[in-house]
Each structure stands twice: as structure tokens, then as C-alpha cells.
Amino acid sequence: MAKRSSPARKQTGRKAKAPTRKASRAGASTALALSRGEKAVSRGLPPWPVVDDAVVRAVTKVLKTQPLNAVTGGIQERFEKQFSKYHGRRYAVMTNGGTSALQLALAACGIRAGDEVITTPYSWGASTGCILLRNAIPVFADIDTETLCLDPSKIEERITGRTKAILVVHIYGMPADMPAIQKVARQHELAVIEDCSQAAGAKCRGKLVGAWSDAGAFSLQASKNLVAGEGGIVVLNSRDAYERALLAGVHPVRMKAEIRNHELQRYIDSLGPNFRPHPLAAAMASSQLGRLAGWVREKNRSFAHLFRRVGHILEPHGAEYIRQHKGTVHGYHMASLKVVHPELREIPRRLIARALAAEGMPVGGYVGTPIPLRTRFADLRFHGRGCPWTCRHAKRLPDYAAGRWPVVEEICREGEIILHGNHYVYDTKLMDQYAAAIEKLVANLGDLRTRAERADR
Ligand SMILES: Cc1ncc(COP(=O)(O)O)c(C=O)c1O
């Protein structure tokens, strides 16, 4: 990962400008919305997901012309082909959600009961839940402060003789450092799985996320970068992995049609879960895929505009990563903001988030409690009766005690400042209003300090 540079230089490589006198004056004369001042943000976000005539036509066509219970072929197969080709992979399996796509990814990589999978403590729960659902054991490594994804330098110390895979999450759409993670995986002969649920369209060194690993799983849920309403998809490059994924969740008719491996053929039946997607979901996602790259481009333009204005105050995790590794494209499912302004650092992050939200920015938290510090891990309660940790194949119980993931624990303790919402339309007026909200925050540090002191008492 890139070396840290001074915060003021991070965005552009040049010294960042201080707020203009005009902006400072305007901020100073305006009270925070928290203190009954006028809100800085009056503009709203454009509606998401996009449901325009093209989507309605695509969905209606499928509704009128195709069976709604197709188990092979049809729009689902077309979308799988489209999506795998888009990622330069040979295979894809669409599912009814990102959670089920992750389960197919683990099955594809041959993860079995008692196997250890190293993953991030900073994510949506499903990226760990999919490990537990396979009766495997999650082991957590800390995250990188710049990307908020798994820190490649923290993985090795967590590897044991039971480790089988590394499960990476490109959180908020920011790609993890995949070349460094791949290097560790190769050295220890581990599979790599990518959870790209928040990162469709993001790129690491010019290559789309999902195409870096043995299995790349995506959620197509309504808030994500590519939408089916509810849905998911996994991309794969090896025939073996593809057939194992099929065995883990498609209809037996499709298994019979596609599984060639004689060993796997013996297990074709209807005992497995039904992870099949709705064809209308496939129609929606398929009709939008051609627009994904454009939406991601516009999000990057929008945030570049915002960070040009306020990069010296709040900045995105990963800005340095983008600068250092040419070709990295943030997917901006959300934007994670880090406080670097020296004076702002004195103010609790929770209060900053509250103040920005009051100004009208869609700011809030996300992860809340690091995954290993949640009650299920303290109580070893998932399947019941201590399973999977008490399974005879699980040879040891990882340490899930607080203090082992200082970066994540600090972020969650101090409060997250996450900008939610899909900024897929390049709207400089909206970004200028966000910038005004942030400038106003800096101009009202006294007010915030008093509030913080009062809360302390
Ligand atoms: C990182 C991550 N992984 C997995 C999922 C699960 O996806 P789904 O809700 O489609 O099952 C999500 C959904 O929010 C996610 O953000």
C-alpha cells in the first residue's frame, strides 16, 4: 500500500488550497443547522435505481414472452453471458441475492466444514455469514486505513494450517489492494474470493473487481451500483469451480445439463438450497449493464469535484491509492470520509457526522460494531450448539476478543462518517452545497467544541 503523505497534499499531489476567503466568510456568518442555522444542502439526489423506459421495456418483454420459472436458458442465461464477458471471465451464475452468490463462491472454491477463511471485520455481515453458513471458520485480519479493505500486510499473521481462502470485500466500492493480496495467497496456496457487492464497475489497476480472484460475488440489490431489485451473481474462470458453484444452488435440470464432472454428477438432486433468481430481476440488471461504466465515471467526476473543493478538510479513503496505482477506479457505492483537518480532529467524529447530516448531507454510519465483536461471536452462536466452532473439523477457536483489530475498532468507536446515496449524476451544484456544509463546519468549530464539552459532562 502506498506510503502516507501529508494530508494537505493527498488529493492532487499539490499543496491543497485553504478555503477561499469568500467561503470562510460565508461559513463564519452562518450558524450550523444543528444550531438552528439554515441548511447548506437544499438539492436532493436523483432517484435510484433508474427505472426508465428502457428498463420497463426490457422487463415487460420478458414478462410477456418468457416462462417465469425458467431453470435454464432465457434472460438469466443471457445476463450471465453478458456479465461474465464484461468481466473477462468464462462463467457466471446468477442468484437471488449477493448472500447466495457468496455461498456459491465459497462452494466453488471448495471451502468445507472446519476450513478457516481470512476476512475483514469491517463489512456488511453477509461477507462473514457466508463462511459460517458453510460451517467454516471466519478469521479476521485488520484493515488498511486508506482503503478500509483487508490490509495485505496483516493477513500472513492469521494464516494457519487450516486456512483455505482469503475473502476480500471492496467496501463502499473502493478496491482492495488485489496485487498484494494475490501475492500472499499465491505464497500460501490459498483461494481468493472477492465480495464485490458494493463495487460493481470499480477497477484495480485497470482490471474490474471480480476478475482478480477465483470467484467474484456481486449483490444486485436495489441500492447497489448495478440493480436487479434483489439478486446476485458470481463470476468464475475455471470449469471445475463453475460446476461446484452450480451444484451448490441451481435447479437439478440445469445441473444435469451442465455438470460434466463425474464425481459431482453423483450428487445432482434437489437437496440443496434454491438460489435461483427471478427472470424479471435478470431482465432489469441486463438492461442496465451497458450503463454501469458511465454511472461509475460520473460518480468519480462528482467526488473529484467535491474533493477539489474540500480535500484539505475531509478526504476519501483511498485517494492516495488512486494516485499511486494508475488505473484504480472507485465504485462509490458510498463514500467514506476521513477527518484530516487538525482542528476538526479534536471534535468527536460522531458529532461531525451529526452536524453534516443536519446540514442535509446524506451522512450516517454503516458497520457500527466490528463483525467479530458482535454477540454471535461472544456467544459462539450461529447454527446453534456452538456450531460451526464446535464442529469436530474445526481444530481451534480463533481469538475474537477486542483489541485485535485496532484500525477497525477505532473507526467504529469514534464513529463513521459515511456519505450514503448514489451520486451517479454529475451535479456540481449538489457537490458545491456539500462543500459549503463542510466549510460551514470548519467555520463553526467553537460551537462544535462547546457541544462536545457539554456531552462530556
Ligand atoms: C459487502 C456486502 N456483501 C454482501 C451483501 C449481501 O447482498 P444481498 O443483500 O444481495 O444478499 C451486501 C449487501 O448489502 C454487501 O454490502
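Using my numbering, you'd call the opening residue of the sequence shown number 15 and step up by one each time. The beta-carbon is built from N, C-alpha and C at its ideal position, and this holds for glycine as well.
Whole-angstrom C-beta distance between Leu260 and Arg268, which should lie under 8 Å: By one-based count along the sequence shown, residue 268 stands at place 254. By one-based count along the sequence shown, residue 260 stands at place 246. Rounded to the nearest angstrom, the Cβ distance from Arg268 to Leu260 is 7 Å, consistent with a contact under 8 Å.
Leu120 Cβ short of 7 Å to ligand 1 heavy atom set: Within the sequence shown, the letter at position 106 stands for residue 120. Outside the cutoff, so no.
Close Cβ partners of Lys313 (< 6 Å) along its chain, the five nearest in sequence each way excluded: The residue given as residue 313 occupies position 299 in the sequence shown. Residues Tyr346, His437 and Tyr438 of the same chain have their beta carbon placed closer than 6 Å to that of Lys313, with the five preceding and five following residues left out of the count.
As assigned by DSSP and simplified to three states, the class of Asp209: In the sequence shown, the residue the question calls residue 209 occupies position 195. Strand at Asp209.
Rounded straight-line distance, which links the Cα of Ile145 to that of Ala318: In the sequence shown, residue 318 corresponds to position 304, counting from 1. In the sequence shown, residue 145 corresponds to position 131, counting from 1. Rounded to the nearest whole angstrom, the C-alpha separation of Ala318 and Ile145 is 36 Å.
Where the alpha helix (DSSP H) through Gly128 begins and ends: Translated into positions along the sequence shown, residue 128 becomes position 114. Gly128 -> no alpha helix (DSSP H), and no H or E assigned at all.
Among Arg323, Leu285 and Ile452, nearest to Ala367 - alpha-carbon criterion: Position 353 of the sequence shown, counted from the start, is the residue given in the question as residue 367. Ranked by Cα distance from Ala367, the first of Arg323, Leu285 and Ile452 is Ile452.
Reduced DSSP category for Lys217 - H, G, I as helix; E, B as strand; rest coil: Start at 1 with the first residue of the sequence shown, and residue 217 comes out as number 203. Correct three-state label for Lys217: strand.
Outcome for Glu130 when other beta-carbon atoms lying within 10 angstroms are tallied against a minimum of 16: On the sequence shown, position 116 is the one that residue 130 refers to. Glu130 is buried by the Cβ-count criterion.
Separation of Gly139 from Arg395, as counted between CA atoms: By 1-based counting over the sequence shown, the position of residue 395 is 381. By 1-based counting over the sequence shown, the position of residue 139 is 125. The straight-line gap from Cα to Cα measures roughly 14 Å.
Coarse secondary structure for Val182, derived from DSSP in three states: As a first step, residue 182 must be located in the sequence shown, where it is residue number 168. Three-state DSSP puts Val182 in a strand.
Inter-stretch contact (C-beta, 8 Å, three-pair minimum) for the region 151-167 and the region 220-239: Result no; under three Cβ-Cβ pairs closer than 8 Å.
Coarse secondary structure for Gly111, derived from DSSP in three states: Working through the sequence shown from its first residue, we reach residue 111 at position 97. Gly111 falls in the coil class under three-state DSSP.
Burial state of Ser137, where buried means 16 or more other Cβ atoms lie within 10 Å: Taking the first residue of the sequence shown as position 1, residue 137 is located at position 123. That one is buried.
DSSP beta-bridge partners of Ala349: The residue labelled residue 349 in the question sits at position 335 within the sequence shown. BP columns for Ala349 point to Leu433.
Own chain residues within Cβ distance below 7 Å of Ala469, not counting five before or after: For the purposes of this step, residue 469 is identified with residue 455 of the sequence shown, where counting begins at 1. Cβ within range, chain order: n/a, list empty.
Three-pair Cβ contact test at 8 Å for the region 77-93 versus the region 396-412: The region 77-93 is not in contact with the region 396-412.
As assigned by DSSP and simplified to three states, the class of Ile282: For the purposes of this step, residue 282 is taken as residue 268 along the sequence shown, with counting starting at 1. Here DSSP, grouped into helix, strand and coil, assigns Ile282 to coil.
Reduced DSSP secondary structure (H/G/I, E/B, other) of Tyr100: Here residue 100 is taken as the residue at index 86 of the sequence shown, counted from 1. Shown here, Tyr100 sits in a helix according to DSSP, grouped into three states.
Neighbour-count burial assignment, Thr109, 16 or more Cβ in a 10 Å radius: Against the sequence shown, residue 109 aligns to sequence position 95. Burial call: buried.
Environment of Asn458 [buried if 16+ CB atoms lie within 10 Å]: Counting from one through the sequence shown, the residue named residue 458 turns up at place 444. So Asn458 ends up on the buried side.
Assigned exposure category for Asp413 - 16 Cβ within 10 Å defines buried: For the purposes of this step, residue 413 is identified with residue 399 of the sequence shown, where counting begins at 1. The residue is exposed, with fewer than 16 neighbouring Cβ atoms inside 10 Å.
Lys454 beta carbon less than 8 Å from that of Leu46: If you number the sequence shown from 1, residue 46 lands on position 32. If you number the sequence shown from 1, residue 454 lands on position 440. Using a Cβ distance threshold of 8 Å, Leu46 and Lys454 count as a contacting pair.
Exposure label - Thr4; buried when at least 16 CB within 10 Å: The chain is shown only over 15 to 471; residue 4 falls outside these bounds and no answer can be derived.
Beta-bridge partners of Gly230, as assigned by DSSP: In the sequence shown, the residue the question calls residue 230 occupies position 216. Gly230 is bridged to Glu208 and Val249.
Helix, strand or coil at Thr177 according to DSSP, with G and I counted as helix: Within the sequence shown, the letter at position 163 stands for residue 177. Secondary structure at Thr177: strand, using DSSP grouped into helix, strand and coil.
Near ligand 1: Asp209 beta-carbon under 7 Å from a heavy atom: Within the sequence shown, numbered from 1, the residue matching residue 209 stands at position 195. Yes; taking the cut-off as 7 Å, the Cβ of Asp209 has a heavy atom of ligand 1 nearer than that.
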